[in-house]
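Take a look at the structure set out below.
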Amino acid sequence: MTERALPVVAVVGPTASGKSALAVHLAQVLDGEIVNADSMQLYQGMDIGTAKLAPAERGGVAHHLLDVWPLAKSAAVAEYQSMARGVIAEVHGRGRLPILVGGSGLYLRGALDVLEFPGESPPIRARLYAELDAHGPQVLHARLAAVDPLAATAILPSNGRRIVRALEVIELTGRPFTARMPAFESIYDCVQVGLDRDDLDERVELRVHLMMAAGFLDEVRQLLPPGLRASPTAGKALGYSQLLACVDDDGALVGDLDEAVAQTIRATRRFVRRQRSWFRRDPRVRWLDAADPNCQDLALAQVRAALPAAC
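Residue 219 in this note's numbering sits at position 218 of the sequence shown, with consecutive numbering throughout.
Laid out in structure tokens, this is it:
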């Protein structure tokens, strides 16, 4: 059996659409194991703010690539690609079905598709980070928009790390960052189920308030000694960066918590729109209305029709 013939399911879509619950259901019915494709759930201790399923919520299904990176680590999609493909091979080796789930589009494509990542240049990156520290992300985002408008559209103006990486790749290769994205071609026999729903703005607001009620602020405080504030990636995550601005290094509240929550809701809604834009460009995604009471049955039918030998 060639690698191309090996089956993989991916559950994709924007934040708060219900991907985790659907993935657990599919894994239970299809004898699968779940592979995380949420870039922030890779980090240790970031549980409430990333909506990471607690062990008791995982329905007895094995979950992989959760809590594998320390807070100090900078995100590395190429490294994730290697880890994810290794886990997929292990799941296949056990005769089970790998089910990727997450809303990090580049991570999903890195795991599933014919996709090579460019190298790195520490001198270029150091210079760009110095500019980022001196002038802020908006200045660099404007530069990115001038040389690669598509990349600037896909990257939040506040996401300094991703802006720096895009500018680094452009300087290294002499080509737009987005030009490096190849055609949609998976290395597996893959079916992608996409979830979306019309009420995500309301669900995002409710989700953030539920996170706060579950102790999100205390989680941020607990992550201060391990280095959340200094983290090049984890500390910039949605919700975490907003709450970090409200506390000092001892965890004492020094900012407007209500405003931080409101900022988190607004930023998450913007992120949802960017996720939709990313995933809607992929013609392979089979979209379902997550609000449909028959959604799980419809998703199961889609997978079984696409991968009859695996199901």
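Backbone N, C-alpha and C define an ideal beta-carbon position, used for all residues, glycine too.
- Beta-bridge annotation (DSSP): Gln193 is paired with Ala11 and Val286.
- Comparing alpha carbon positions, the residue from Arg305, Ile164, Tyr44 and Val248 closest to Ala131 is Ile164.
- A Cβ-Cβ distance of about 7 Å is found for the pair Gly46 and Leu72, placing them in contact under the 8 Å criterion.
- Restricted to the region 17 to 94, the beta strand (DSSP E) segments that are unbroken, complete and at least 3 residues in length are 33 to 37, listed in chain order.
- Taken in chain order, no unbroken stretch of beta strand (DSSP E) lies wholly in the region 106 to 131 with a span of 3 residues or more.
- With fewer than 16 other CB atoms across the displayed protein chains lying within 10 angstroms of its CB, Pro284 is exposed.
- Under the DSSP assignment, Leu225 falls outside any beta strand (DSSP E); it carries neither an H nor an E label.
- Burial state of Glu58 is exposed, judged by a 10 Å Cβ sphere holding fewer than 16 other Cβ atoms.
- Its Cα nearest to that of Val10, the residue Asp114 stands out among Asp114, Met41, Glu80 and Ile156.
- By the C-beta criterion, the region 201 to 210 is judged not to be in contact with the region 22 to 40, since fewer than 3 inter-stretch pairs fall below 8 Å.
- In the three-state reduction of the DSSP assignment, Pro150 falls in the helix class, which pools H, G and I.
- Spanning the alpha carbons of Gly195 and Glu260 requires a straight line of approximately 32 Å.
- The beta carbon of Leu54 sits closer than 6 Å to those of Ser21, all from its chain and outside the five residues before and after it, given in chain order.
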